[in-house]
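The block underneath contains the structure these notes are about, expressed in structure tokens.
There are 2 protein chains.
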Amino acid sequence: MSPVTATLLRHRLRHLRHQIRLNSTSVSPPPPHFNLPLNHPTYLIWSANTSLGKTLVSTGIAASFLLQQPSSSPPAAHSTKLLYLKPIQTGFPTDSDSRFVFSKLDSLSLRRRIPLSISNSVLRSSLPVAESMRRSLKVSESGMCDLNFSEEKTVTGAPELLCKTLYAWDAAISPHLAAEREHATVEDSVVLKMVEQEMECGSQTNVLCLVETAGGVASPGPSGTLQCDLYRPFRLPGILVGDGRLGGISGTISAYESLKLRGYDVAAVVFEDHGLVNEVPLNSYLRNKVPVLVLPPVPKDPSDDLIEWFVESDGVFKALKEVMVSVYLERVERLNGMAKQAGEVFWWPFTQHKLVPEDNVTVIDSRCGENFSIYKASGDNSITQQFDACASWWTQGPDPAFQAELAREMGYTAARFGHIMFPENVYEPALKCAELLLDGVGKGWASRVYFSDNGSTAIEISLKMAFRKFCVDHETLLSLSEDAEEKKHVDVKVLALRGSYHGDTLGAMEAQAPSPYTGFLQQPWYTGRGLFLDPPTVFISNGAWNLSLPESFPQTASEESGTFTTRDEIFDKSRDTSTLATIYSASVSEQLQEYSESSQSAHVGALIIEPVIHGAGGMHMVDPLFQRVLVNECRNRKIPVIFDEVFTGFWRLGVETTADLLGCKPDIACFAKLLTGGMIPLAVTLATDAVFDSFSGDSKLKALLHGHSYSAHAMGCATAAKAIEWFKDPETNHNIDSQRGTLRELWDEELVLQISSHCAVERVVVLGTLFALELKFLMLSSLYASLYAKSLLEMLREDGIFTRPLGNVVYLMSGPCTSPEICHRLLAKLLKRLGEFNRA
Amino acid sequence: MSPVTATLLRHRLRHLRHQIRLNSTSVSPPPPHFNLPLNHPTYLIWSANTSLGKTLVSTGIAASFLLQQPSSSPPAAHSTKLLYLKPIQTGFPTDSDSRFVFSKLDSLSLRRRIPLSISNSVLRSSLPVAESMRRSLKVSESGMCDLNFSEEKTVTGAPELLCKTLYAWDAAISPHLAAEREHATVEDSVVLKMVEQEMECGSQTNVLCLVETAGGVASPGPSGTLQCDLYRPFRLPGILVGDGRLGGISGTISAYESLKLRGYDVAAVVFEDHGLVNEVPLNSYLRNKVPVLVLPPVPKDPSDDLIEWFVESDGVFKALKEVMVSVYLERVERLNGMAKQAGEVFWWPFTQHKLVPEDNVTVIDSRCGENFSIYKASGDNSITQQFDACASWWTQGPDPAFQAELAREMGYTAARFGHIMFPENVYEPALKCAELLLDGVGKGWASRVYFSDNGSTAIEISLKMAFRKFCVDHETLLSLSEDAEEKKHVDVKVLALRGSYHGDTLGAMEAQAPSPYTGFLQQPWYTGRGLFLDPPTVFISNGAWNLSLPESFPQTASEESGTFTTRDEIFDKSRDTSTLATIYSASVSEQLQEYSESSQSAHVGALIIEPVIHGAGGMHMVDPLFQRVLVNECRNRKIPVIFDEVFTGFWRLGVETTADLLGCKPDIACFAKLLTGGMIPLAVTLATDAVFDSFSGDSKLKALLHGHSYSAHAMGCATAAKAIEWFKDPETNHNIDSQRGTLRELWDEELVLQISSHCAVERVVVLGTLFALELKFLMLSSLYASLYAKSLLEMLREDGIFTRPLGNVVYLMSGPCTSPEICHRLLAKLLKRLGEFNRA
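Chains as they are written, first to last, in our numbering: chain A, 337 to 1176; chain B, 337 to 1176.
Now the structure itself:
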């Protein structure tokens, strides 16, 4: 390296860093709708480093599985088969792990005098490989050739060994370099699809499948994606080949941690003995939960064919095989029992248990980004994939890459901070989170952040803030004296919209209009402490956006309702000067006036709204003009304004804050759900300086005496900080339209309009990550309609879309990073199913 | 390996695993009250594996720091000094990294003609080392000798290099093996203390300190503790020496992840070039946040003195040094600004901001187990340690080993599950958590688990459950019809104890008696929907346990009050047949009777109590006999019983559930706080089958329609499952008394009694992890008393104990795993300070 000044060098480094971008930050997207057989064990063979003997281990397992003495073999009816896959092979054909397994098993079979059918094949390769094998083949666009090399020895009725190399490169270097140099790349999703296809062994019993990785656990695959990320969607259990040398304890533990940090399970650690008793600290670290097995030293003489070593190692491999089988059986047994067990111990929210038979319970083995991996016990056991279109109940954000990043962040935060009590303290995640909030969703109005645990608590806090501010501003009106008892006759209420929802704790419930959810048998203490107005709504039906005014509006107003050409028109601020705006304003004034005349002691002390969309109330889009008028009317009366952005905030509706859609600012706003990227509970209530000041004084009793032990917990704050940054950065969220600062349109307009014109569809609402449709009641009873919704949902689940009805409303929800292509696919499936359904 | 059957082998393995227990599962306890200087940068030099050139990197950094041309050197007034520490050295004296740095800097100083004062010393060693160096020394108990070898070359006024090896062993193997073989061990805390002492460089400026680790990041230290765990309490920033070879990407990434997973920050990754451009995938993985620097290939010729290589590498080391300095400066700048920034953006709960000057804000850099690492800006910048005696506001549980384990578990859970919506679904963490709860705190009575996010929401849910059960059981009494409107006249209330606290959301507040926290200006909707009874309390004063009856009790009852010989006596069930029990029973009956006569429509629909200790109410211990009587009286009247164990549950009071202390079971119980080991929010409401059944029916509207988006979030459930198992297992929690199934006594009885006899102390309550004392008001005003408390707390913070008053109550809270020795030390300091305080 030529001598350059340090500053220059740093500049160069920075420059360089911008230039070089590989795939490894993005975890590979899974192939759509995969189906992994679970009727036999499948293991990934990982290694802490290169050259630690992964293939020796695969060979040993294969031998102990296939070459059993008849006495211990299973009944003859059960064919025995081992499938060995090497998806990625470099240094080929000099190095061919599948050939190694093939040839060693051949030798061992001869030596033990146990017949074996064996085969080895290499499916695709780079051109240099094909050339070196003297084959002239057609090269595909990606630079890959269909090599289709194979060799085999068949013995009828004997146990079978199938060895397959899926992709081979010539250079003995890391796959991402080989792929680059040999101009032969392969996409992650193609590798996965290929692995999935090859793993399919039908319903044969006594099958074992091994998938051997290349290099170390975090070595890049051909696209540059780290292998531990590449294979993550399948989340196959693993065997980790550790390092028995000096320094090998560290490498083995770190590799193990990299696997765990990606959600993998490791069934056993196995390594070659180098006389350093590395198994002692490894066992200690693993707390004896994962067995550690030690293989005898491998002969260093290159002429040694290792057959003696395999014989010597037989006991260890038998033990390893037993561990693999028992871990597999335990997993399947557990998965089989979970639905029943869940029905016996859980008390699910919003669920009438009597109506949930065991078959209806979904057993979820894991999630990878937007997709669930679901266990299907029916038919052949398998793990299938479903897109989580409930976006895990409106909280979920991460794509696979972001989930992996968050996992690292959360591990780090737990280790660095654990939890730290908040009052009068400061620690990095809480401060950073607060700064990002005030510079983002609170920009231009908020100056304080109050942390709590969920939307409902954030709302309770916002009400306490608003009422205090109101009381301070209206001291004379309320004739508040120092004597708390005298204040009892003052009745402070909220102004809210019918159909809005703010949470399930009593204070949040009181701010909602009466509904079946607030009945006496649900919460006998509920009274409904508010003035509840009927809002005008907008929606798409028959291919156009419509406005619908509530019946309470004067007859004359109905002339103003009608259709909009585009959604943007609805949000256009020019509507502020329309006749409709005047009608809205008059209607609000009148109702406020009536209310205050009807009671001397009741005062409207706060306005609370869900901006733009009423979520739990049925995915209704409220006319934003009406909400803006409402805010202005309240502001004129010094009534504090609360935006409940628990559902709507953080990109759910395509913008970071819906205040931007509405075109006006609140005094107080609540956020939760997507705030942490959909990982763990955290909520914030943001407030202006003026609201904060109404709690300032010389006495602690004047302070806001509300809090939760986990206020501003480090884990939540760190995740939130990460999510806020990730979602709004065009580098990490490809959906961000940098110029407008909004999400690009995720739902195909053409499909949306088609669906809205469907005869079974009453209305459609589409905004940001949300697509919702309400099914028509038609002439059916409400019960029948919800059954109708239910069977539609069942069909969608068959298509790999996990949905759950909200009454008569069917919705699809993506994460803020989900690609429009995926959304398109969801919508197309929905349209198709609606069509079929209609015919039925 | 001799051929054994697989089964036998597995047995042997299992057996072996039980025998071998090393230190590495336990993270080392930090030396008490450390103080790390922050007036100059200090870095740990880590490596992804052995032999990757850690010492070359240390040497290069030293050269670029010390051997600057005068033009670029700082003003003469600033002395320049580099301290190189090698705490653990094996293979000595053949391998001596401190000697290598020393001798290379000597050569480089000569070559560059820049004078340098250099020294190298080796402080302690094993006997074989001492013998090989022909020294006869006294061997300490641990087998260590004070070697005190040193060599130096002094040049007055020149920059200084101090190289020190702290502990040396002869064998060139892992330190834990060398320590064992050479019978020379050293405890983790001793290593840390030694490192801390050596790092102290006074107030000199322009100092850089390097601490070079041995082997890989997770290589065991001499005690067997992994080095990344060993050094964790200091959490020094690190430089990671990566691996440029084939497979090195994986090893480097995994090592990096192991460091992050322990809460470390890594300032830069540096590695030797092997022509494989490993920096590209590494940069991509690190998302360009951590610089990756590449060193030229190291000459392989053993006769090469590497001087030319150092010259060639100068630019890279200068860049590395600059990164180290700028990362350090950014950190200190951030730490310096945090207190002010916090005061401007946070809205702390329960805090009158006007009374919190910037100086009172505690800046917390991290936590390690029970200890905070606190940044002190006053005087010399430093990081000091304080025991978190608020147990992070009553939630905190982990010791350092458990925190590390939880961090791994949370990283895994985030990666495997993220968050999954709960209704009608099942996934492993939620199921496992529910099973452990029903088999633990719910054993013998509960059959259903309802998840929510915090204590307050768990209470709201419990009230909804209890009221429904009550309504179903008393249908006739309440004359409930199907018409919900008609039910409005029925007024369902709670029975609760004065001074109990159940949360800050409105529903939970309504179950509490009026207090300054429930006033109109805090929550104008609060009315206090209950019958609130005054409870008898017990406490220690003047060396004895006393019973105090409320004034509302009849005169005759006071004869029954008095003292107890032991705390066990208070919990003795034989008291059930005492006169006092009869008095209690009569009192409760009478008050219930009076209440029901006073109102036709009001019905007591639930009993809610905090068993044994009223936490937020002032750490009052309620006579358990009274609570037991109360429960029985309610049961006789078919009033559902709720135990609010949010504060008291999960070992806070020395038992997993306080139902065991009380000797009776509830119908419903709430848990939160320690449930997750004090990591993240999660709450559960447990219920009996009978309660669950009262929500069963054919209509969804009869179901419990309360829920939160993060209900049963995987992260919380996984953490809780881990914590439940960890705290109750004597293998992991050494405080568990296996026979009794309780925690052993943590607080020294003698000290407790002394404190209770102190003239400034009104009363003491001690149970489980809790020690609390109330200061006497004396003749002082309440304001004065709280100042008194405050200055006591300031003194305790100087002693390394972080406390925060609860009004006039000073408490110390440990985790369930905190050793009695630590608790003893805390108590002794408190007693000492009380004494001093009194004299003042």
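Note that the Cβ used here is the ideal one computed from N, Cα and C, for glycine as well. As the structure is a computational prediction, the values presented were derived from the model and not from experiment.
Check, Outcome
"Determine, using beta carbons only, whether B:Ser590 comes closer than 7 Å to chain A.", "yes"
"Does A:Ser750 have its Cβ less than 7 Å from a Cβ in chain B?", "A small correction: the amino acid at residue 750 of chain A is Ala; Ser does not occupy that position in the sequence shown. Judged by the 7 Å Cβ criterion, A:Ala750 is in contact with chain B."
"Is the separation between the beta-carbon of B:Ser586 and that of A:Ser555 shorter than 7 Å?", "yes"
"For the region 368–389 of chain A, which residues have a beta carbon sitting closer than 8 Å to at least one beta carbon of chain B?", "Ala384, Asn385, Thr386, Ser387"
"If you draw a straight line from the alpha carbon of A:Gly584 to that of A:Pro638, how long is it in whole angstroms?", "23 Å"
"With distances taken from CA atoms, which of A:Gly427, A:Ile397, A:Thr426, A:Ser472 is nearest A:Phe438?", "A:Ile397"
"Determine the DSSP secondary structure at B:His755, reduced to helix, strand or coil.", "coil"
"Taking 7 Å as the cut-off, decide whether the C-beta atoms of B:Trp729 and A:Ser788 are in contact.", "no"
"Pick helix, strand or coil for B:Ser1032, following the three-state DSSP scheme.", "coil"
"Please confirm if A:Phe738 has its CB atom under 7 Å from at least one CB of chain B.", "no"
"Tell me which same chain residues have a C-beta within less than 7 Å of the C-beta of A:Asn878, skipping the five on either side of it?", "Ser1092, Ser1093"
"Return yes when the Cβ of A:Gly990 is within less than 7 Å of the Cβ of A:Leu1103, no when it is not.", "yes"
"If you scan the region 424–508 of chain B from start to end, which runs of the beta strand (DSSP E) of 3 or more residues do you find wholly inside it?", "453–462, 480–489, 496–504"
"Would DSSP call B:Ala412 helix, strand or coil?", "Bear in mind that a pLDDT of 46 at B:Ala412, under 50, signals an unreliable position, so the number given afterwards is only what the model happens to contain. Three-state DSSP puts B:Ala412 in coil, outside helix and strand."
"Do A:Lys625 and A:Ser400 come within 7 Å of each other at the CB atom, strictly closer than that value?", "no"
"Does the beta-carbon of A:Gln963, which I'm using as the reference point, lie nearer than 6 Å to any heavy atom of the ligand ZN?", "Summarising the ligand content, the structure contains no ligands, and the ligand ZN is consequently not present."
"If we cut at 7 Å on Cβ distances, does B:Ile1158 have a partner in chain A?", "no"
"Please name the residue in A:Gly574, A:Glu608, A:Asp609 whose C-alpha comes closest to that of A:Tyr592.", "A:Gly574"
"Output yes or no for whether 7 Å exceeds the beta carbon distance between A:Val948 and A:Leu869.", "no"
"Going straight from the alpha carbon of A:Phe900 to that of A:Asn882, what length do you get?", "6 Å"
"Hey, does A:Val393 have any beta-carbon neighbour from chain B nearer than 7 Å?", "no"
"Residues in the same chain with beta-carbon distance under 6 Å from B:Ser362, minus the five sequence neighbours each way, listed in chain order, please.", "A caution first: B:Ser362 carries a pLDDT of 45, below 50, which makes its placement in the model too unreliable to give a value."
"Does the beta-carbon of B:Arg447 have 16 or more other beta-carbons within 10 angstroms, so that it is buried, or is it exposed?", "exposed"
"Would the region 1000–1012 of chain A count as touching the region 1021–1036 of chain A if we require 3 or more Cβ pairs under 8 Å?", "yes"
"Does any residue of chain A bring its CB to less than 7 Å from the CB of B:Trp987?", "no"
"With distances taken from CA atoms, which of A:Ile450, A:Asn456, A:Leu452 is nearest A:Ser434?", "A:Asn456"
"What number of angstroms, rounded off, separates the C-alpha of A:Ala847 from the C-alpha of A:Leu799?", "9 Å"
"Answer yes or no: does any C-beta atom of chain A fall closer than 7 Å to that of B:Met757?", "yes"
"Between the region 676–688 of chain A and chain B, which residues of the former have CB atoms less than 9 Å from a CB of the latter, in chain order?", "Gln677, Ala678, Gly679, Glu680, Val681, Phe682, Trp683, Trp684, Pro685, Phe686, Thr687, Gln688"
"Measuring only the C-alpha atoms, how far is A:Met801 from A:Gly560?", "51 Å"
"A:Val1023 lies in the beta strand (DSSP E); which residues open and close that run?", "In the sequence under discussion, the amino acid at residue 1023 of chain A is Ala, which differs from the Val named in the question. Note, A:Ala1023: beta strand (DSSP E), 1019–1023."
"Between which two residues does the beta strand (DSSP E) harbouring B:Tyr1147 extend?", "1145–1149"
"Suppose contacts are defined by Cβ-Cβ distances below 7 Å. Is B:Met1221 in contact with A:His755 by that definition?", "The displayed coordinates of chain B run from 337 to 1176. Any statement about residue 1221 of chain B would go beyond what the structure contains."
"Within 7 Å of any Cβ in chain B, is that where the Cβ of A:Ala743 sits?", "yes"
"Please name the residue or residues paired with B:Glu548 in a DSSP beta bridge.", "B:Ile381"
"Using three-state DSSP, classify B:Asn619 as helix, strand or coil.", "helix"
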